[in-house]
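As structure tokens, the structure follows; a few thoughts come after it.
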Amino acid sequence: MTHPQRERIAVVFGEGQGSGYLLSPWLVLTAAHVIGDAVAPSVAVPGQSGGRVDCEVVWRRYDERCDLALLRAENALVQPSVYQHFEPLTWGVVTDLQPREGAVAVGFPQANRSALRQLDTEQAVGTLKPGTGLRTGRPVLQLSGMPPQADGTQVSPWAGMSGASVFLENRLIGVVRSVPAQWQDGRLELTPSGAYVQDPTLLEICEHANVVLRWGTVEPPELSFEERLRAYLSREWEKVRIYGVTRSGRGDGSWRLDIAYLSLELAGSERPVQAADEEDAAPVAQRAPDALAQQPRILLRGNAGSGKTTLLQWLTTLTARGELPEQLTQFKDCTPILLRLRALARPGQALPSPEEFLRASGSPLAGFPGSEGWVSRRMAEGRVLLLVDGIDEAPESERRRVREWLSGLLGAYPETRCLVTTRPSAVREGWLADLGFAELDLLPMSRSDVAAFIDRWHAAAAESADAGTDPEQAREQRERLARWRDVLTEAVGRKQDLGRLATNPLMCSLICALNADRQGHLPSGRMALYDAALEMLLVRRDEERGVDPASEGLALSEAQQQALLQRLAYWLIRNGQSELAREQALARIERALPQMPQIQGTPEQVLRHLLVRSGLLREPAPGAIDFVHRTFQDYLGAQAAIEEGDLPLLVEHAHEDQWEDVIRLAVGHARRRERAELLTRILRRAEAEPAHADRLRLLAAACLDMAVELDPAVRDQVTAATAALVPPQDVEAAKDLAQAGPVVLELLPGPEGLDDATAQAVVVCATRCTSNRAIPLLASYAHHPNIELRMELARAWPWFDTEEYGRAVITPLAEQEDLRLFVSSRAQAEFVASLPAVHRVEFVGPLGPDVVDLVPLGRLRELRFHENPLPTDLGLVRAAPLLTTFMLFNDTGQVDLAPLAGTAVKRVIVLSCTGVASLAALGAMPELEHLSFANAAQPFTAGLDLRHVLAAPKLNSLRLMATDLALEDWELLRRHERLESLDLEALDLARLSGLGPFPQVRVLHLRYAKGLDAPERITEAFPGITSLWFHGAPPVLALDGLPPGLLVGTDGPAPLGGAELDAPPPLQFSGNLTWYRVR
1 MTHPQRERIA
11 VVFGEGQGSG
21 YLLSPWLVLT
31 AAHVIGDAVA
41 PSVAVPGQSG
51 GRVDCEVVWR
61 RYDERCDLAL
71 LRAENALVQP
81 SVYQHFEPLT
91 WGVVTDLQPR
101 EGAVAVGFPQ
111 ANRSALRQLD
121 TEQAVGTLKP
131 GTGLRTGRPV
141 LQLSGMPPQA
151 DGTQVSPWAG
161 MSGASVFLEN
171 RLIGVVRSVP
181 AQWQDGRLEL
191 TPSGAYVQDP
201 TLLEICEHAN
211 VVLRWGTVEP
221 PELSFEERLR
231 AYLSREWEKV
241 RIYGVTRSGR
251 GDGSWRLDIA
261 YLSLELAGSE
271 RPVQAADEED
281 AAPVAQRAPD
291 ALAQQPRILL
301 RGNAGSGKTT
311 LLQWLTTLTA
321 RGELPEQLTQ
331 FKDCTPILLR
341 LRALARPGQA
351 LPSPEEFLRA
361 SGSPLAGFPG
371 SEGWVSRRMA
381 EGRVLLLVDG
391 IDEAPESERR
401 RVREWLSGLL
411 GAYPETRCLV
421 TTRPSAVREG
431 WLADLGFAEL
441 DLLPMSRSDV
451 AAFIDRWHAA
461 AAESADAGTD
471 PEQAREQRER
481 LARWRDVLTE
491 AVGRKQDLGR
501 LATNPLMCSL
511 ICALNADRQG
521 HLPSGRMALY
531 DAALEMLLVR
541 RDEERGVDPA
551 SEGLALSEAQ
561 QQALLQRLAY
571 WLIRNGQSEL
581 AREQALARIE
591 RALPQMPQIQ
601 GTPEQVLRHL
611 LVRSGLLREP
621 APGAIDFVHR
631 TFQDYLGAQA
641 AIEEGDLPLL
651 VEHAHEDQWE
661 DVIRLAVGHA
671 RRRERAELLT
681 RILRRAEAEP
691 AHADRLRLLA
701 AACLDMAVEL
711 DPAVRDQVTA
721 ATAALVPPQD
731 VEAAKDLAQA
741 GPVVLELLPG
751 PEGLDDATAQ
761 AVVVCATRCT
771 SNRAIPLLAS
781 YAHHPNIELR
791 MELARAWPWF
801 DTEEYGRAVI
811 TPLAEQEDLR
821 LFVSSRAQAE
831 FVASLPAVHR
841 VEFVGPLGPD
851 VVDLVPLGRL
861 RELRFHENPL
871 PTDLGLVRAA
881 PLLTTFMLFN
891 DTGQVDLAPL
901 AGTAVKRVIV
911 LSCTGVASLA
921 ALGAMPELEH
931 LSFANAAQPF
941 TAGLDLRHVL
951 AAPKLNSLRL
961 MATDLALEDW
971 ELLRRHERLE
981 SLDLEALDLA
991 RLSGLGPFPQ
1001 VRVLHLRYAK
1011 GLDAPERITE
1021 AFPGITSLWF
1031 HGAPPVLALD
1041 GLPPGLLVGT
1051 DGPAPLGGAE
1061 LDAPPPLQFS
1071 GNLTWYRVR
């Protein structure tokens, strides 16, 4: 247990003598009545050489519910060598009435005075009783053992204990205030932390003194270990940093995920050449909950700042709370464990075993009663969601070991669900495929995503303006923020250079902060944006909060801070590390200080200043130092490399993914001649080393976007070298090439003479450049025969100007009856309304009837609603006489399906929707052939809904949740003679026993089925099947006893064993579907 720390226990002298606890070397927490009317109270810390130190009262509150004071000492109460070991302090608030044993307080009571009246400490241990003193707000510490005996005077033996801090489970839960007379000195009354921890004046004082007030609820003692762990994880990961927005009372700029989190789009790394069926084919780009629901193991790729870590935090928090969206019910029984490889994958250090996960993740519950063996048991049961952040943060030399570690873990615990993140270039495509991992990419933010992020950022800033501010000033600030929000939203859409920068959450956050900081006047270009962001974080952050660093004895200029941070960043980069030990940081600073004589401070003081004031450096765990984001480390390290003249070192590491951003930023920092030399050296190395040639040429091309000024001959050399990589041969190469920016658009060819895979790769590359300069090229592909390529064009609309892209690309696409348009904004709906005909449309996001009704429906054949939280009125289908397919996907708004009755619709797909109350109307659809209904909030009413649905005269295909089906439903399905195709999710094959055969079923889909170790149950229950499809199959799938001629499909890399299989070329697909035929 960390607290109480002996060096922080103080004796306080005021009107009386009491006790106290150091919040910092200068701030002391004590009881107000100890100070009384004393003009010059003083404090001493036994064992420190300074003796008594005079103090001033900076905050006091004395009433029935609170007896507390905060003192500020004239000089530090402890030496620097002592306070550098002060551990972070967390305040605990008790909200229930459960007694808690093990509470402790240390102070200087009368009972422990010596015969010579010398003070000494007493450690009081007992049970916290929060249910005592509810009227007065004074819970008590019921002391263990015999109370001390009085000395015959009228003074309590506990006199002098007032002001002592009381700790429980390492949290400060209150301060001793008095002894109730009627309990014979066996109790101490407390001022509980909940009475003052949110006091705005106290928060402000602590913030100015660099004391972060962390606090949280102390959980009831009867909670199981798992409940405690879930509660801890929820508290630990529920905050996310928003750059440029600082909450009143919080200096760290952290905000709850429910305010700040924006669910971004993910897409499979490979696009299937042909999809298994229509509803599986799309949407290819999906919001995180939908995409993550598809596979139990995922490798997620995303560039720096794209939101990978925030996504893991969101998933951890919601899983821990049991508040997962409907799509992610596969994780509902799981406990999340988030491991950050930057702190784990170090040379010579073993990666953690399951029993070391809690300690490795920094959980204080490691070693807690009930924790022993808990992780291993839960992993064996498949009830752990393992989240591994940052393969790219591990040194390149360690990644093979990381993969072996994962392989061993998942081999020992095959039921474990797992999500791993990495930057795109850190590991090859398919790096974890044989372990059952699917791959997803975090897509660049669309224009609607950027607009939504801007809204959320300014909403958070407005909330900050409301907190602890004069109402009139708050109103004026909210009005200013609204103006800046509108100006920025318009500018991002209008200025292409700015729009190209705003493609990920980090850049959007910095742009919002700078826009507000500079009142709408933004710097142009990525390097200028980073430079302004550093100036904002290093200088203006303190200025805005009215904080004068010099008041603490040390003031560092922006240039001094930046020079020191550069040294730390460059050391990390050169050594392939993501964090450095505190001693290493102090050594780097000590080495730098002789060259900076203006800085009058010790290395410890300088490091503390950088940690508290810079906004760029942090101490995530005791003794470990890192940057708040890798992008800032790379920016500062690149600047140091250029100033050191380390061009040869940059070129030497140019093929390593951890150096890619460093080198791009170095090109931005470099002067004209240095820039030309660096790029020329990279190209020469590419010629000399064929194994790295493509990667080096792509890097050189990507650097052009950072080169404000460059010798035209060098630019031409880079462009010529890049031309050798055009056209890209696959989607992965296309995404790599797109990193070079719009310069590649001049090199990309039109569709003539390209095969389908290459043509699609060209389109992916052009769309990922997110520049309107790509529109003419993309328009040339609008009539390409490949449907997936044209779908890529349709999905890319949100990344471009609505009108320009609409005229050039969407208009010819709309003429094609097989293609679906995606509408995600009013502007897009208005454009579609101007088209002569629309055949297929998917509305994406929160679009109300006023937007949906703009789209002409007369020739519509397919209508989809995706991720709409608003009520949907299906009366519009009456205006669509040609409609054959209707789909709701992940919609949470209320939907009444009754208008579908009597229509000619043939396919109805309702997946992951929570607002569909009844399916009864579907039985009155004369042409209905297929229904999918899965992952809804409400299951079937046993025997009723399904009976209505099966009344549809042509229904022959169903997709259902097996867990929704009662015994009566199974019997209805068995007797439905027209049922040719059955798609079941979450089926336990053991349930098929005793149901009788389903001889009419020819096509069977099994999604995330259980009991696959007994595949004979499948053919016993479905003796007539000719094709069998597995979605989300386990890593190894045994298929003994399947009949010859049966087609077997799987959507992942799982090897199929136990049956003789052929894979005829016409039936083999890439991406998410592979078919085999049993011999």
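Note that the sequence shown covers residues 1 to 1079 in the UniProt record's numbering.
Glycine included, C-beta positions come from ideal geometry on N, C-alpha and C.
query, result
"Glutamate 804 to leucine 1028 span [Cα, whole Å]", "46 Å"
"C-alpha gap between valine 57 and arginine 383, whole angstroms", "53 Å"
"contact_flag[the stretch 404-420, the stretch 635-651] where n(CB pairs < 8 Å) is 3 or more", "no"
"Runs of alpha helix (DSSP H) wholly within the stretch 389-459 (minimum 4 residues, chain order)", "399-412"
"C-alpha distance - leucine 510 paired with serine 918, whole-angstrom precision", "46 Å"
"Whole-angstrom distance between proline 1043 and valine 762, CA atom to CA atom", "43 Å"
"Backbone CA spacing between phenylalanine 1030 and glutamine 327 [nearest angstrom]", "19 Å"
"In chain order, each beta strand (DSSP E) run of at least 3 residues that lies wholly inside the stretch 302-374", "335-340"
"Inter-stretch contact at 8 Å, needing at least 3 Cβ pairs: the stretch 441-455 / the stretch 301-310", "yes"
"Expected contact under 8 Å - CB spacing of alanine 105 and valine 45 to nearest Å", "Between valine 45 and alanine 105 the Cβ distance is about 17 Å, and since that is not below 8 Å, they are no contact."
"Valine 140 versus leucine 190 - alpha carbon distance", "6 Å"
"Own chain partners of glutamate 619 with C-beta closer than 7 Å, once the 5 adjacent residues on each side are dropped", "Leu611 and Ile625"
"Cβ-based neighbour list, glutamate 830, same chain, cut-off 7 Å, excluding 5 preceding and 5 following", "Leu854"
"Bridge partners - alanine 69, DSSP secondary structure assignment", "Thr30 and Arg60"
"Any 3 or more C-beta pairs closer than 8 Å across the stretch 591-601 and the stretch 627-636", "no"
"Stretch-stretch touch, CB-based, cutoff 8 Å, three pairs: the stretch 917-932 with the stretch 888-901", "yes"
"Three-state secondary structure (DSSP) of threonine 2", "coil"
"Histidine 948, enclosing alpha helix (DSSP H) - first and last residue", "945-949"
"Per-residue burial, glutamine 566 [other beta carbons within 10 Å of its own, 16 or more giving buried]", "buried"
"Strand pairing of glycine 1049, partner residues [DSSP]", "Trp1029 and Trp1075"
"Coil, strand or helix - valine 12 by DSSP", "strand"
"Contact set for histidine 930: own chain, Cβ-Cβ below 6 Å, skip 5 residues either direction", "Arg907 and Ser957"
"Run of the alpha helix (DSSP H) containing arginine 768, from where it starts to where it stops", "756-768"
"Candidates Ala774, Glu226, Arg340 and Thr422, of which the one nearest aspartate 801 by Cα", "Ala774"
"Beta-carbon contacts of proline 109 that lie in its chain and below 7 Å, excluding the five residues immediately before and after", "Glu122, Pro157, Trp158, Ala159, Gly160 and Met161"
"CB of serine 230 within 9 Å of CB of alanine 288, strictly", "Here residue 230 turns out to be arginine, not serine, going by the sequence shown. Not in contact: arginine 230 and alanine 288 (Cβ atoms no closer than 9 Å)."
"Contained alpha helix (DSSP H) runs [length at least 4] in the stretch 462-513, N- to C-terminal order", "471-494 and 496-501"
"Alpha-carbon to alpha-carbon, proline 41 and glycine 18", "11 Å"
"Glutamate 398 classed as buried or exposed, judged by whether at least 16 other C-beta atoms fall within 10 angstroms", "buried"
"Distance CB(alanine 345)-CB(leucine 358) smaller than 9 Å", "no"
"At least 3 beta-carbon pairs within less than 8 Å: the stretch 665-680 vs the stretch 602-609", "no"
"Proximity test, Cβ basis, 9 Å: alanine 917 and chain D", "The structure shown contains no chain D; it holds only a single protein chain."
"Glutamine 598 beta carbon less than 9 Å from that of proline 395", "no"
"Alpha-carbon spacing of threonine 1050 relative to arginine 1079, whole angstroms", "17 Å"
"One or two residues paired with leucine 984 in a DSSP bridge", "Leu960 and Leu1006"
"Every unbroken alpha helix (DSSP H) within the stretch 838-920, with a cutoff of 4 residues, ordered by chain", "849-852"
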